[in-house]
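A.B. asks:
There are 2 protein chains.
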Amino acid sequence: MSVKKELLSKDNMAEWYQNVIAKANMAEHSPVKGCMTIKPYGYAIWEMIRNELDKLIKKHGAKNMSFPLFIPYSYLSREKDHVEGFSPEIAVVTHAGGKKLQEPLVVRPTSETIIHESMKRWIRSYKDLPLKLNQWCNVVRWEKHPRLFLRTSEFQWQEGHTAHATEQEARQEVAEMIEIYYNFMKDFLAIPTIKGQKSEKEKFAGAVDSYSVEGLMPDNKAVQMGTIHYLGLNFSRIADVKFVDEKGAENFVYMTSWGVSTRLIGALVMVHGDDKGLVLPPRLAPTQIVIIPIGNTLDFAQKLFNTLEQNGLRVELDARQDVRPGAKYFEHEMRGVPVRIEVGERELNNNQIMCANRVTGEKTTISLEGDYVQELKNLLQDIQNTLLQNATQKLKSSIIEAKDKEDFINKIKNQEGLVKACWCNEKECELSIKEHTGANTRNLPFDENEKELKDCNCIWCGKKAKKIAYFSKAY
Amino acid sequence: MSVKKELLSKDNMAEWYQNVIAKANMAEHSPVKGCMTIKPYGYAIWEMIRNELDKLIKKHGAKNMSFPLFIPYSYLSREKDHVEGFSPEIAVVTHAGGKKLQEPLVVRPTSETIIHESMKRWIRSYKDLPLKLNQWCNVVRWEKHPRLFLRTSEFQWQEGHTAHATEQEARQEVAEMIEIYYNFMKDFLAIPTIKGQKSEKEKFAGAVDSYSVEGLMPDNKAVQMGTIHYLGLNFSRIADVKFVDEKGAENFVYMTSWGVSTRLIGALVMVHGDDKGLVLPPRLAPTQIVIIPIGNTLDFAQKLFNTLEQNGLRVELDARQDVRPGAKYFEHEMRGVPVRIEVGERELNNNQIMCANRVTGEKTTISLEGDYVQELKNLLQDIQNTLLQNATQKLKSSIIEAKDKEDFINKIKNQEGLVKACWCNEKECELSIKEHTGANTRNLPFDENEKELKDCNCIWCGKKAKKIAYFSKAY
Numbered sequence: 000m001s002v003k004k005e006l007l008s009k010d011n012m013a014e015w016y017q018n019v020i021a022k023a024n025m026a027e028h029s030p031v032k033g034c035m036t037i038k039p040y041g042y043a044i045w046e047m048i049r050n051e052l053d054k055l056i057k058k059h060g061a062k063n064m065s066f067p068l069f070i071p072y073s074y075l076s077r078e079k080d081h082v083e084g085f086s087p088e089i090a091v092v093t094h095a096g097g098k099k100l101q102e103p104l105v106v107r108p109t110s111e112t113i114i115h116e117s118m119k120r121w122i123r124s125y126k127d128l129p130l131k132l133n134q135w136c137n138v139v140r141w142e143k144h145p146r147l148f149l150r151t152s153e154f155q156w157q158e159g160h161t162a163h164a165t166e167q168e169a170r171q172e173v174a175e176m177i178e179i180y181y182n183f184m185k186d187f188l189a190i191p192t193i194k195g196q197k198s199e200k201e202k203f204a205g206a207v208d209s210y211s212v213e214g215l216m217p218d219n220k221a222v223q224m225g226t227i228h229y230l231g232l233n234f235s236r237i238a239d240v241k242f243v244d245e246k247g248a249e250n251f252v253y254m255t256s257w258g259v260s261t262r263l264i265g266a267l268v269m270v271h272g273d274d275k276g277l278v279l280p281p282r283l284a285p286t287q288i289v290i291i292p293i294g295n296t297l298d299f300a301q302k303l304f305n306t307l308e309q310n311g312l313r314v315e316l317d318a319r320q321d322v323r324p325g326a327k328y329f330e331h332e333m334r335g336v337p338v339r340i341e342v343g344e345r346e347l348n349n350n351q352i353m354c355a356n357r358v359t360g361e362k363t364t365i366s367l368e369g370d371y372v373q374e375l376k377n378l379l380q381d382i383q384n385t386l387l388q389n390a391t392q393k394l395k396s397s398i399i400e401a402k403d404k405e406d407f408i409n410k411i412k413n414q415e416g417l418v419k420a421c422w423c424n425e426k427e428c429e430l431s432i433k434e435h436t437g438a439n440t441r442n443l444p445f446d447e448n449e450k451e452l453k454d455c456n457c458i459w460c461g462k463k464a465k466k467i468a469y470f471s472k473a474y
Numbered sequence: 000m001s002v003k004k005e006l007l008s009k010d011n012m013a014e015w016y017q018n019v020i021a022k023a024n025m026a027e028h029s030p031v032k033g034c035m036t037i038k039p040y041g042y043a044i045w046e047m048i049r050n051e052l053d054k055l056i057k058k059h060g061a062k063n064m065s066f067p068l069f070i071p072y073s074y075l076s077r078e079k080d081h082v083e084g085f086s087p088e089i090a091v092v093t094h095a096g097g098k099k100l101q102e103p104l105v106v107r108p109t110s111e112t113i114i115h116e117s118m119k120r121w122i123r124s125y126k127d128l129p130l131k132l133n134q135w136c137n138v139v140r141w142e143k144h145p146r147l148f149l150r151t152s153e154f155q156w157q158e159g160h161t162a163h164a165t166e167q168e169a170r171q172e173v174a175e176m177i178e179i180y181y182n183f184m185k186d187f188l189a190i191p192t193i194k195g196q197k198s199e200k201e202k203f204a205g206a207v208d209s210y211s212v213e214g215l216m217p218d219n220k221a222v223q224m225g226t227i228h229y230l231g232l233n234f235s236r237i238a239d240v241k242f243v244d245e246k247g248a249e250n251f252v253y254m255t256s257w258g259v260s261t262r263l264i265g266a267l268v269m270v271h272g273d274d275k276g277l278v279l280p281p282r283l284a285p286t287q288i289v290i291i292p293i294g295n296t297l298d299f300a301q302k303l304f305n306t307l308e309q310n311g312l313r314v315e316l317d318a319r320q321d322v323r324p325g326a327k328y329f330e331h332e333m334r335g336v337p338v339r340i341e342v343g344e345r346e347l348n349n350n351q352i353m354c355a356n357r358v359t360g361e362k363t364t365i366s367l368e369g370d371y372v373q374e375l376k377n378l379l380q381d382i383q384n385t386l387l388q389n390a391t392q393k394l395k396s397s398i399i400e401a402k403d404k405e406d407f408i409n410k411i412k413n414q415e416g417l418v419k420a421c422w423c424n425e426k427e428c429e430l431s432i433k434e435h436t437g438a439n440t441r442n443l444p445f446d447e448n449e450k451e452l453k454d455c456n457c458i459w460c461g462k463k464a465k466k467i468a469y470f471s472k473a474y
């Protein structure tokens, strides 16, 4: 693998992003327009994300299942906003089994409508509630400007769908899922996010309220990392999903839905990567430690590998004979392996190992006489912490304010940061902002301060402000 | 849950099968014709199968990845047999993103053609070989007569695709995968299968040779549990997948593909289930042990639950207050939970537990003074062994021979067993057999005996026999 270093300056984010994904062998555009092929290394990262988040979703009480790939077109069109929102993006099967279908089938862009059809049959009484379902699957939303992981016509995701007896319980579900996603991004991806409500313009087609956790990329464009929707009775009224309560009365159920997708990998690449390539947080790295034997140390390296593997570390031994150590360093740095262990003859003779930290570049010597497995685990934890600290520091310093409308326009257009501003909370105002700056509200944060809003006017239209909002362009 | 016992006689397999799947809450037909909804309990079984087989596939050296859901129609049509074989079953996307597509896209019925397109770009030299890829995904083959798990228009599966430098290596890959599948069925599903080659008529569209592991159901219809294809150069020539060998010469790669699907769950249901419902082999049971407290023993039961869970057993505590113990027994028997532990006040006072074996119905008392965790693990292993022994005994006793053509027809039509017979190995003869009996060859077993073939004529056409073959109807 030959990597030209000049192709990897993070200053040019778009080019850098493509290069890292190509050179770390993560994914590529497929011959099918807008769809991607996720290669083994990219897919191993997705498996890590999926396995860890799946544990949290199961612990939360949702059960995995599998609903059909296809949705009858008539289902999608029952909810007016929903069909309007998704129509421009859908792929439609018109022929199957050698015949034209009586009713076209939509390849699911999201599964609310087909899942609610099942819920209608499964929910009878309050004893069946809450009902919390989840599926890991592929969905299709036709994409004119595909970007690997961030926007592709087909993508992998998980979608949770829940039904509750009361609004309060459904709102509680939303609050819990926001926390689960927020903590997952923080604890596993080492990415701090901003929790908040989506504006009317940006909310999910058919939802009463939508919420998101938003991550900020180094070029000050945002990535919506996860979304959580309070659907109220909108969908249950249409699909006729009712339950009999404890008093024998029939009521509609309150619903939510929530999801994260393979775009998380795109954010992971951008937030942590550097001019040497990918940097993976140890908790999600398919390979946490790579061991590189130098000289006549293969037996020693193999024993070390066995010990680390037995202790639950995800470790790789790169014993290739036809690749020089320097080239191996370069390659594993590109792949973002958090720790590289070099074992040369000096290390062998002194019964020690040399550990290189992918984030700081520091090298430390660890003696094999002591509890070196624990020391390596500590080193991995340090790296995980460092990544989160760096990203948190970067996010804090990137939240900026604008003096006036002109300053707002400049800061948005120049991508100077995530602009926090007073806002009127009106859809038409946001449409105007989008038209003039290319930006939307990212979300309206939960931690807004009433004081901040006092005597504050909308940064754009000048009316009395109703909300604090974050603005930036987005992936 | 109320279950009418008379609906569960295994003598009427078709009705029994539907009832078990419905009452054990495993899956149901979806409103989309031919597609199924896999419910949480059915999906948990699929997750167990997937996780265990995935480990074996990774150990075998194949790497997981994700290829697009859609395949350009032109790709599929490059291989003549391939497109002829799959055309009647494909679903076609003609419109996407609000426009008619220039070229229709096929929803993948299998991914050879799109994966080979990538292999062409990824393989340069002998150093890139062997290349072993696998994906767990959904595929679509339009089905006129859907049956839950066994035949559905959309199904979940894994498909492995490999490329090799020589025919010998590719044949070796086929042999290894046959063994991996055979052992997986035996060791995890507790289902003995017959390894063999598919006939010309029954082989995969586009393969040089196809192989299968076939399971026999209690009604003497077969289920093809896994297939393994030697593709030779058929697809590499068409997709132009070449490599430069050690001498610098350019050659086509030799290919294989192999897969198993959610139909394994259908076989699992039929082979092990009984008149009480589902019976799950402990190695794949989402719940291996259910604890039922009776009377004032909840604390005791909870402690037991904690200990068993900490020791890696998949255990459930059914502490519902509004359901009587007898109803719980009935329900967990229906769900096929291998071991039920009853803890009443007598058990509490004697510091012991009562364990009911789902397969034999036997109840044994285990003292909590001894190593009861190990005793429970032994009990689960016993159950796993018993299921395999029973199924092996059943398979052996179901392999029968026919005296003559008339006897052959009767035995096949009456589903008296898996008929082993001498056969001419000609496609036209098989077409005639199919037309008159509704049966095909299942496969041509590896363990055929030359002696058996000596002086043996085809059971159907009377010509000199060339092979021993197994015949039966199939799901």
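Chains V and D supply the protein sequences, listed in that same order.
Each residue of the first sequence is one higher than the one before, starting from 0 at the first, in numbering that gives the first Met the number 0.
Each residue of the second sequence is one higher than the one before, starting from 0 at the first, in numbering that gives the first Met the number 0.
Using N, Cα and C, we set each Cβ at its ideal position, and we do this for glycine too.
All values derive from a computational prediction rather than experimental measurement.
Leaving aside the five residues before and after residue 273(D) along the sequence, list all residues of the same chain whose C-beta is less than 7 Å from its C-beta, in chain order.
C.D. replies: Around residue 273(D): 9.
A.B. asks: So, are the CB atoms of residue 432(D) and residue 418(D) less than 8 Å apart?
C.D. replies: no
A.B. asks: List the residues of chain V that residue 37(D) touches, going by C-beta distances under 7 Å, in chain order.
C.D. replies: 64 and 65
A.B. asks: Which same chain residues end up closer than 7 Å to residue 204(V) when comparing Cβ atoms and leaving out the 5 residues on each side of it in sequence?
C.D. replies: 80, 81, 83, 84 and 85
A.B. asks: Contact criterion: CB-CB distance below 8 Å. Does residue 235(V) meet it with respect to chain D?
C.D. replies: It does not; no Cβ of chain D falls within 8 Å.
A.B. asks: Would you please state the rounded distance, in angstroms, between the beta carbons of residue 440(V) and residue 213(V)? I believe it to be under 8 Å.
C.D. replies: Their Cβ separation, rounded to whole angstroms, is 10 Å, which puts residue 440(V) and residue 213(V) out of contact at 8 Å.
A.B. asks: Is the beta carbon of residue 157(V) closer than 8 Å to that of residue 270(V)?
C.D. replies: no
A.B. asks: So, under 8 Å CB-CB, residue 317(D) and residue 358(D) are touching, yes? Tell me the CB distance rounded to an integer number of Å.
C.D. replies: That belief does not hold up - the Cβ atoms of residue 317(D) and residue 358(D) are roughly 20 Å apart, past 8 Å.
A.B. asks: Just to make sure I have the definition right: I need the residues of chain D whose C-beta is within less than 8 Å of the C-beta of residue 106(V). Which are they?
C.D. replies: 68, 92 and 106
A.B. asks: Do the region 42 to 49 of chain D and the region 19 to 31 of chain V meet, that is, are 3 or more Cβ pairs less than 8 Å apart?
C.D. replies: Verdict: no, contact absent.
A.B. asks: Taking residue 365(D) and residue 351(D) to be in contact with their CB atoms under 8 Å, please state how far apart those CB atoms are, rounded to whole angstroms.
C.D. replies: 6 Å
A.B. asks: Provide the residue(s) that pair with residue 288(D) in DSSP beta bridges, ordered along the chain.
C.D. replies: 314(D) and 338(D)
A.B. asks: Find the nearest neighbour of residue 51(D) within the set 146(D), 183(D), 450(D) and 178(D), judged by alpha-carbon distance.
C.D. replies: 183(D)
A.B. asks: Hey, quick one: how far does the beta strand (DSSP E) through residue 30(V) stretch, first residue to last?
C.D. replies: That residue, residue 30(V), is in no beta strand (DSSP E); it is neither H nor E in DSSP.
A.B. asks: How would you write the range of the beta strand (DSSP E) that residue 141(D) sits in, first residue to last?
C.D. replies: No residue range can be given for residue 141(D), since it is assigned to no beta strand (DSSP E) and is classified by DSSP as neither H nor E.
A.B. asks: In the DSSP assignment, find the unbroken beta strand (DSSP E) run with residue 254(D) in it and report its ends.
C.D. replies: 253 to 260
A.B. asks: Taking the alpha-carbon positions, what's the residue 235(V) to residue 71(D) distance?
C.D. replies: 38 Å
A.B. asks: Excluding the 5 residues flanking residue 277(D) on each side, which residues of the same chain have their C-beta closer than 7 Å to its C-beta?
C.D. replies: 19, 23, 268, 333, 334 and 335
A.B. asks: Apart from the five residues on each side of it in sequence, which residues of its chain come closer than 6 Å, Cβ to Cβ, to residue 211(V)?
C.D. replies: Cβ neighbours of residue 211(V) beyond the five flanking positions: 197, 223, 226 and 442.
A.B. asks: Per DSSP, what are the beta-bridge partners of residue 159(V) in this structure?
C.D. replies: In DSSP, residue 159(V) forms a bridge with 133(V) and 257(V).
A.B. asks: I'd like to know whether the C-beta of residue 137(V) is nearer than 8 Å to at least one C-beta of chain D.
C.D. replies: Answer yes: the Cβ-Cβ gap between residue 137(V) and chain D drops below 8 Å somewhere.
A.B. asks: Quick one: what's got a C-beta closer than 8 Å to residue 1(V)'s C-beta in the same chain, skipping five residues either side?
C.D. replies: Because the pLDDT at residue 1(V) is just 41, under 50, the model does not fix this residue reliably, and the value given afterwards should be weighed accordingly. Counting only Cβ-Cβ distances below 8 Å, and skipping sequence neighbours, we find nothing.
A.B. asks: Following a CB-centred definition, is residue 293(V) positioned closer than 7 Å to any heavy atom of the ligand ADP?
C.D. replies: What this structure holds is no ligand at all, so the ligand ADP is not there to describe.
A.B. asks: Return helix, strand or coil for residue 152(D), following the three-state DSSP convention.
C.D. replies: In the displayed model, residue 152(D) falls within coil according to three-state DSSP, outside both helix and strand.
A.B. asks: Fully enclosed by the region 35 to 87 of chain D, which alpha helix (DSSP H) runs are 4 residues long or longer?
C.D. replies: 39 to 58, 72 to 75 and 79 to 85
A.B. asks: If distances are taken between C-alpha atoms only, which option among 176(V), 300(V) and 462(V) comes closest to residue 58(V)?
C.D. replies: The option with the nearest alpha carbon to residue 58(V) is 176(V).
A.B. asks: Using a cut-off of 8 Å between C-beta atoms, extract the partners of residue 285(D) located in chain V.
C.D. replies: Simply none; closest approach about 10 Å.
A.B. asks: I need the straight-line Cα distance from residue 216(D) to residue 353(D), nearest angstrom please.
C.D. replies: 33 Å
A.B. asks: Kindly list, in the order they appear in chain V, the residues whose Cβ is closer than 8 Å to that of residue 71(D).
C.D. replies: 30 and 31
A.B. asks: My guess is that residue 387(D) and residue 191(D) are in contact by the Cβ rule of under 8 Å, so how many angstroms apart are they, rounded?
C.D. replies: Sure, about 7 Å apart at Cβ, within 8 Å.
A.B. asks: Out of 375(D), 87(D), 421(D) and 471(D), point me to the one whose CA is closest to residue 459(D)'s CA.
C.D. replies: 421(D)
A.B. asks: Counting only Cβ pairs nearer than 8 Å, list the residues of chain V close to residue 153(D).
C.D. replies: Within chain V, the residues placing a beta-carbon under 8 Å from that of residue 153(D) are 67, 68 and 69, ordered along the chain.
A.B. asks: Cα separation between residue 248(D) and residue 233(D)?
C.D. replies: Answer to the nearest angstrom: the Cα atoms are 20 Å apart.
A.B. asks: Can you tell me whether DSSP reads residue 19(V) as helix, strand or coil?
C.D. replies: helix
A.B. asks: Taking Cβ to Cβ, would you say residue 42(V) is nearer than 8 Å to residue 377(D)?
C.D. replies: Not in contact: residue 42(V) and residue 377(D) (Cβ atoms no closer than 8 Å).
A.B. asks: Would residue 409(D) be called buried (16 or more neighbouring beta carbons within 10 Å of its own) or exposed?
C.D. replies: Residue 409(D) comes out exposed.
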